[in-house]
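Comments concern the structure below.
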Amino acid sequence: MQLERVRTYLVNLQDKLCDALAEEDGGANFRVETWQRPEGGGGCSRALAEGAVFEKAGVNFSHVSGEGLPPSASALRPELAGRSFEALGVSLVVHPWNPYVPTAHANVRFFAANKPGEDPVWWFGGGYDLTPYYPNREDCIAWHRVAAGACAAFGEGTYTRYKQWCDEYFYLKHRDEPRGIGGLFFDDLNEGGFDACFAFMRAVGDSFMRAYRPIVQRNKKRPYTERERQFQLYRRGRYVEFNLVFDRGTLFGLQSGGRTESILMSLPPLVRWEYDYAAEPGSPEAQLTDYYLTGRDWLADREAP
């Protein structure tokens with residue numbers, strides 16, 4: 655029964671996210687593909703390509719099962735290795751055309767690890783984060799205010815805890831910089847019982863579009879030049895590096911035999927790398943790393959770039 659409650663919520667969440675993105679894009683249609691996994695389970699992938707606002711957007715639902723947790727899921731909890739599992743989740747990545755509209759990522763998920771003769775071990779995870787190219791303080795503050803609001807009913811310090819976890823998780827160690835301006839990240843959540851944890855996951859999932867859509871609306875019609883477009887493509891390289899090197903969700907999908915096209919839907923359609931790139935001091939491109947990508951406390955931030 656618990657599993658069905660989570661599944662029903664996630665299927666409905668995928669519908670709501672796709673409807674909101676399609677409306678924001680001017681009525682674009684998502685390509686819908688269902689898939690099955692030989693080892694157990696499957697999912698539904700929805701992709702939007704070359705829309706009016708979004709160069710690429712993907713919203714995936716998956717419900718997979720297997721006889722042994724892959725290393726990406728048991729690395730931090732080795733006592734669970736070898737258990738059978740069920741994993742459900744919705745993941746979203748949006749890559750807009752306009753460099754002034756940030757890339758956004760969100761996911762919510764549920765795991766259950768089973769062993770005969772023992773109670774299931776379950777946990778929730780998820781969150782969302784924002785990856786801007788030409789950010790402004792108002793958008794960053796608004797993003798984090800929504801994130802804090804989603805956490806408000808779940809105890810003092812919840813936002814601070816998961817904001818810090820997000821900053822630490824979405825960090826490119828080889829670049830010594832964060833992927834973006836953060837948001838929320840939580841994993842292995844089973845404190846307080848199933849109902850409380852499920853409620854928190856829903857609060858995070860339901861708040862994402864409230865955080866992201868106003869930012870899209872404020873920036874999607876801003877004019878830009880080839881300079882901004884090329885910088886966007888360059889910075890997208892950081893997104894690719896993180897997803898392929900560090901992201902636990904990507905690793906879990908590949909290690910568990912998931913559908914590769916769906917797993918790699920998160921990658922941008924166009925990207926570029928430039929050897930030894932350095933932004934001009936004082937430029938908007940330099941402000942991104944000098945001011946915005948510094949792990950700021952956006953709810954207390956009063957310093958102008």
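For the sequence shown, the working numbering assigns the number 655 to the initial residue and increments by one for each residue that follows.
Built from N, CA and C at the ideal position, the CB exists for glycine as well.
Residue i bridges to which residues according to DSSP?
i: Cys698; result: Thr688 and Phe715
i: His759; result: Val747 and Asp783
i: Val962; result: Nothing can be reported for residue 962: it is not among the residues displayed for the chain, which extend from 655 to 959.
i: Ala741; result: Val718 and Phe765
i: Ala703; result: Lys710
Could you say which of the options lies nearest to residue i if we only look at CA atoms?
i: Ala760; options: Phe839, Phe684, Asn752 and Val800; result: Phe839
i: Pro877; options: Arg856, Tyr788, Asp849 and Phe739; result: Tyr788
i: Val960; options: Thr948, Gly834, Asn873 and Lys670; result: In the structure displayed, the chain extends from 655 to 959; residue 960 sits before or after that span and is not available.
i: Glu934; options: Asp944, Arg926, Trp927 and Arg950; result: Asp944
i: Tyr931; options: Leu887, Glu772, Val899 and Asp841; result: Leu887
i: Val800; options: Gly836, Gly949, Asp669 and Gly846; result: Gly836
i: Glu831; options: Val747, Leu947, Arg691 and Cys672; result: Leu947
i: Trp819; options: Phe684, Arg856, Gln668 and Gly949; result: Gly949
i: Gln941; options: Phe885, Gly903, Glu810 and Ala865; result: Phe885
i: Cys794; options: Lys875, Cys672, Pro868 and Asp841; result: Pro868
i: Ala796; options: Gly903, Gly859, Met863 and Asp841; result: Met863
i: Tyr663; options: Phe684, Val686 and Phe764; result: Phe764
Alpha carbon to alpha carbon, how far is residue j from residue i? Give it in angstroms, no decimals.
i: Phe778; j: Glu658; result: 14 Å
i: Leu742; j: Pro786; result: 28 Å
i: Ser716; j: Gly696; result: 6 Å
i: Gln656; j: Val870; result: 35 Å
i: Arg661; j: Ser916; result: 18 Å
i: Glu822; j: His828; result: 13 Å
i: Arg926; j: Arg890; result: 7 Å
i: Gly680; j: Ala706; result: 7 Å
i: Glu709; j: Lys670; result: 20 Å
i: Pro938; j: Glu880; result: 14 Å
i: Gly912; j: Arg856; result: 24 Å
i: Tyr782; j: Gly846; result: 22 Å
i: Asn666; j: Ser920; result: 20 Å
i: Gly936; j: Glu882; result: 15 Å
i: Leu905; j: Leu898; result: 8 Å
i: Asp951; j: Thr812; result: 14 Å
i: Gly907; j: Leu702; result: 21 Å
i: Glu772; j: Gly903; result: 26 Å
i: Arg700; j: Phe739; result: 25 Å
i: Leu718; j: Phe852; result: For the sequence presented, residue 718 should be read as Val rather than Leu. Cα to Cα, Val718 sits roughly 19 Å from Phe852.
i: Thr914; j: Leu924; result: 18 Å
With a cut-off of 8 Å on the beta carbons, I'd call residue i and residue j a contact; round off their distance for me.
i: Leu784; j: Pro756; result: 5 Å
i: Gly720; j: Ser861; result: That belief does not hold up - the Cβ atoms of Gly720 and Ser861 are roughly 31 Å apart, past 8 Å.
i: Gln690; j: Val744; result: Contact doesn't hold; Cβ gap of about 18 Å is too wide.
i: Phe854; j: Phe808; result: 5 Å
i: Val762; j: Val858; result: 6 Å
Would you verify that the beta carbon of residue i is, or is not, closer than 7 Å to some beta carbon of chain D?
i: Asn714; result: Of the protein chains in the structure, only one exists, and it is not chain D.
What beta strand (DSSP E) runs, 3 residues minimum, are completely inside the region 800-876?
836-843
Taking the runs of the alpha helix (DSSP H) that are 4 residues or longer, which of them lie wholly in the region 876-934?
880-899, 902-909 and 914-917
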